[in-house]
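Visitor: Top to bottom, those sequences are chains A and B. Going by this note's numbering, the first sequence opens with residue 1, and the numbers climb by one from there. Going by this note's numbering, the second sequence opens with residue 1001, and the numbers climb by one from there. Sharing a structure, written as structure tokens. Questions coming.
2 protein chains.
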Amino acid sequence: MPAAEAQSWFVIMAGGRGTRFWPLSRRHRPKQVLPLAGEQSLLRQTVARLLPMVPAERILVVTGPDMEAAVRAELDQLPAANVLVEPSGRNTAPCIGWAAVEIQRRAGPQARVAVLPSDQVIERPDELRAALELALRVAGSTDSIVTLGIRPSRPETGFGYLELGEEVDRQGDLRVRRVVRFHEKPDLERARRWSQGGQHLWNAGMFAFTVGTMRAAFAQHLPRSAAALDLLLASPERLPELWTELEATSIDYGIMERASSTLTVPCDPGWSDVGAWPAVGELLPELPGGRGRAGRCVAVQSAGNTVLVPDKLVALVGVQDLVVVDTADALLVMDLAHAQELRQVLAELDALGLTALT
Amino acid sequence: MPAAEAQSWFVIMAGGRGTRFWPLSRRHRPKQVLPLAGEQSLLRQTVARLLPMVPAERILVVTGPDMEAAVRAELDQLPAANVLVEPSGRNTAPCIGWAAVEIQRRAGPQARVAVLPSDQVIERPDELRAALELALRVAGSTDSIVTLGIRPSRPETGFGYLELGEEVDRQGDLRVRRVVRFHEKPDLERARRWSQGGQHLWNAGMFAFTVGTMRAAFAQHLPRSAAALDLLLASPERLPELWTELEATSIDYGIMERASSTLTVPCDPGWSDVGAWPAVGELLPELPGGRGRAGRCVAVQSAGNTVLVPDKLVALVGVQDLVVVDTADALLVMDLAHAQELRQVLAELDALGLTALT
């Protein structure tokens, strides 16, 4: 049943609801299926980026029931069985545990796996692929989980950080170093220090492991989940009942931060997480008064705005740093500096029972 | 031919292009036909306000060819012959000269005429009607043009002012006083002084006269126009050719400021000229984040905005004092303090050849 030689697989996590791009993103049409950067959706770009490394048969996408239709529509090049639909959202540890079991069934416990988010922008895909190749190779020859670490370009307080230890391997320009510690999102003071000190990297949610290493990590740190995964390996049809046995925690908190040995491949592939509206602006084409797309845009004394108003004229007069997003049923006008408060809009709409709009 | 007794007539000037309410107002759908305050258009409200004083047959409306269709559609209660369509816009003096000749033909030179803009908001129509009655009576018994003067409520720099002289008549609480001088739009320093000194009133563009008085004033101050009006009285079918003979100047500059005797009836009927977006806000119903109308509106940390977004949800996040107006083909997002720059948008659209949008 297991392949003779250890294969490399990819797991793309595409389960996020994507509230931060409302009103463009909705429950059924999350961020990752939107063409936020370029002509294609972020998800489709993520898959396309991996196809030079593995055939489509070895790319799994994990998503949720709300967005299954949108995700499948984006991924016509993948086998239908490669889209794993979680019965419900239970954070990232169950998602990765299930994917590991699924790959074990198809390729055996030696299979090497790299996990990636579905909603990144990568300027230099060759550099990403080189780092992934190295992480997969090291994961296959050690018992370590091997993360990719992104060199910080600004004092970002919205990401977790990896603290770097000694170098353990290298290949070409790339290094492999120990992770001394995982840090949660820091305050601005620390973010400033870490982004300049050279000893910390951004945790971008990309990491490689063998199925065997991950299953052992579950057994050690999340034993109740590990037991459910054993049953799931034998009886995949029992997913609906076993799913709720899997502990609803993040892979970072549940596994990675507790692992005895984690390695990282520092890299700089021009990564952006496009986390919310403020990050999108710089990816969009220039237009009068800012960046974005519009049927037509006229601006007077306006600058720095992010505009998505398809099919009609938008006129900006005397406004700066606004997000203006128009859709068929909802219009958002938001100050960029208040992007964190967008979730309050969705909470209010849900509270009003207007779930069709979220 | 002249009526035995001098009749009162009204002339409503409805020729403005209304660029300041773009994108709601357009070349073919100017401000006065929009329901900016209340359910009915400003023009329809203006006519309704006069019907307690005269029958519809004695209300003339002067407009331009671009907006004729929209104006006629609003005024189904008026005889078709009472809508006068100017061949082209030549400022207000030709408009009033033509209307005076038209009323002379129908009711003789003793007829009394009051001129009003089509785009005002009046909170207390009874007080307006009382002032108009008095102005018409005094106009009929003197050789004076009798303006209505509005008591200033703020140091407005956008209006002309009337400087008050001695009292010459009174009726009930109302007074009739001489106008010592007409003042053009003042600077802020003067506007402050005039709005508090009690000796200046706003010139709201409402005034009464007899046909004979107005024709005599044309003969004295605009003799070339007066000659053309003589011909027009005899041969109304010659309007297209005679129209270009009428001097293109304002009634204020061409006649009123030069007249030897002008009177005014000070009044305070709750007048607002709704000149541009900033003035509209306070007339609209409250909604979250400001005032206006929307399919639905959700606001987070937002206040003071003017919102007209029919038929869809609008979400405001962290924005203050914006004008957000959505139409089928154009969306405006403007800082209230920059309302004067809206004309630059229209100039640019016209320059781009996008006249369908203006």
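Using N, Cα and C, we set each Cβ at its ideal position, and we do this for glycine too. All values derive from a computational prediction rather than experimental measurement.
Between B:G1292, B:D1321, B:V1309 and B:P1310, which lies nearest to A1303 of chain B when the distance is taken from Cα to Cα?
Guide: If we check each option's Cα against that of A1303 of chain B, B:D1321 comes out closest.
Visitor: Can you tell me where the beta strand (DSSP E) holding M1334 of chain B begins and where it ends?
Guide: A1330 to D1335
Visitor: Suppose you measure from the CA of A1093 of chain B to the CA of E1133 of chain B; what does that come to, to the nearest Å?
Guide: 23 Å
Visitor: Just to confirm, does R1112 of chain B get its C-beta within under 7 Å of one of the non-hydrogen atoms of the ligand MN?
Guide: In terms of ligand content, the structure shown is empty, and the ligand MN therefore cannot be addressed.
Visitor: Once DSSP output is grouped into helix, strand and coil, what is the label at T19 of chain A?
Guide: DSSP places T19 of chain A in helix when its eight states are reduced to three.
Visitor: Please check if any C-beta of chain A sits within less than 8 Å of the C-beta of V1300 of chain B.
Guide: yes
Visitor: For E86 of chain A, which residues of its own chain have a beta-carbon under 8 Å away from its beta-carbon, when the five flanking residues on both sides are left out?
Guide: G15, V62, T63, G64, P65, P94, C95, W98 and W243
Visitor: Which residues of chain B have a Cβ atom closer than 7 Å to the Cβ of D326 of chain A, listed in chain order?
Guide: L1331
Visitor: What are the residues that DSSP puts in a beta bridge with P1117 of chain B?
Guide: B:M1013
Visitor: Please report the straight-line C-alpha distance between R1027 of chain B and I1122 of chain B, rounded to a whole angstrom.
Guide: 25 Å
Visitor: Mind checking the region 344-358 of chain A against chain B and listing, in chain order, the residues whose C-beta falls within less than 7 Å of any C-beta there?
Guide: Q344, V345, E348, L349 and L357
Visitor: Start and end of the beta strand (DSSP E) containing M1206 of chain B?
Guide: H1200 to T1210 is the span of the beta strand (DSSP E), which, as asked, contains M1206 of chain B.
Visitor: With distance defined between alpha-carbon atoms, name the residue in B:R1106, B:L1042 and B:G1149 nearest to W1202 of chain B.
Guide: B:G1149
Visitor: Taking the straight line between their C-alpha atoms, what separation do you get for Q1040 of chain B and V1033 of chain B?
Guide: Spanning the two alpha carbons is a distance of roughly 8 Å.
Visitor: Any Cβ of chain B within less than 8 Å of the Cβ of H28 of chain A?
Guide: no
Visitor: Determine which residues of the region 291-322 of chain A have a Cβ less than 7 Å from any Cβ of chain B, and write them out in chain order.
Guide: V298, V300, Q301, V309, K312, L313, V314, A315, L316, V317, G318, V319 and L322
Visitor: Using CA atoms only, rank isn't needed, just tell me which of B:A1006, B:R1049 and B:V1274 is closest to I1012 of chain B.
Guide: Looking at B:A1006, B:R1049 and B:V1274, the one whose alpha-carbon comes closest to that of I1012 of chain B is B:R1049.
Visitor: Give the residues of chain B in contact with D335 of chain A, contact being defined as C-beta atoms less than 9 Å apart.
Guide: Residues of chain B whose Cβ lies closer than 9 Å to the Cβ of D335 of chain A are, in chain order, Q1301, S1302, V1317, G1318, V1319 and Q1320.
Visitor: Would you mind stating whether H221 of chain A and R258 of chain A have Cβ atoms separated by less than 8 Å?
Guide: yes
Visitor: List, from N- to C-terminal side, the alpha helix (DSSP H) runs of 4 residues or more that fit wholly inside the region 1147-1222 of chain B.
Guide: 1188-1197 and 1211-1221
Visitor: Counting pairs of beta carbons, one from the region 139-149 of chain A and one from the region 209-227 of chain A, are three or more of them closer than 8 Å?
Guide: yes
Visitor: Taking only three categories from DSSP, how would you classify T1063 of chain B?
Guide: Annotated three-state conformation of T1063 of chain B is strand, per DSSP.
Visitor: Please decide whether L24 of chain A counts as near chain D, where near means a Cβ-Cβ distance under 8 Å.
Guide: Protein chains A and B are contained in the structure displayed, whereas chain D is not.
Visitor: Rounded to a whole number of angstroms, what is the C-alpha to C-alpha distance between A56 of chain A and A248 of chain A?
Guide: 29 Å
Visitor: Taking DSSP as the reference, what is the three-state secondary structure of Q45 of chain A?
Guide: In the structure shown, Q45 of chain A sits in a helix (DSSP, three-state: H, G or I).
Visitor: Quick one: list the residues of chain A neighbouring L1116 of chain B, beta-carbon separation under 7 Å, in chain order.
Guide: Residues of chain A passing the Cβ test: none, with the nearest at roughly 31 Å.
Visitor: DSSP on G292 of chain A, reduced to helix/strand/coil?
Guide: Looking at G292 of chain A - three-state DSSP - the assignment turns out to be strand.
Visitor: Here's a check: name, in chain order, each residue in its chain whose Cβ is nearer than 7 Å to the Cβ of G292 of chain A, leaving out the five neighbours to either side.
Guide: L284, T306, V307 and L308
Visitor: Looking only at C-alpha atoms, which of B:L1331, B:M1214 and B:E1102 sits nearest to A1059 of chain B?
Guide: Correcting the residue identity first, residue 1059 of chain B is Ile in this sequence and not Ala. Per the Cα distances, B:E1102.
Visitor: Just checking: is the beta-carbon of E341 of chain A within a distance shorter than 8 Å of some beta-carbon in chain B?
Guide: yes
Visitor: Quick check: the region 183-195 of chain A against the region 272-281 of chain A, are there 3 or more CB pairs under 8 Å?
Guide: Contact between the region 183-195 of chain A and the region 272-281 of chain A is not established, with fewer than three Cβ pairs separated by less than 8 Å.
Visitor: I'd like the list of long-range same chain contacts for K312 of chain A, defined as Cβ closer than 7 Å, with 5 residues on each side in sequence excluded.
Guide: G295
Visitor: Between H221 of chain A and chain B, is any beta-carbon pair separated by less than 8 Å?
Guide: no
Visitor: Alpha carbon to alpha carbon, how far is S25 of chain A from L332 of chain A?
Guide: 12 Å
Visitor: Rounded to the nearest angstrom, what separates R1017 of chain B and S195 of chain A at their Cα positions?
Guide: 57 Å
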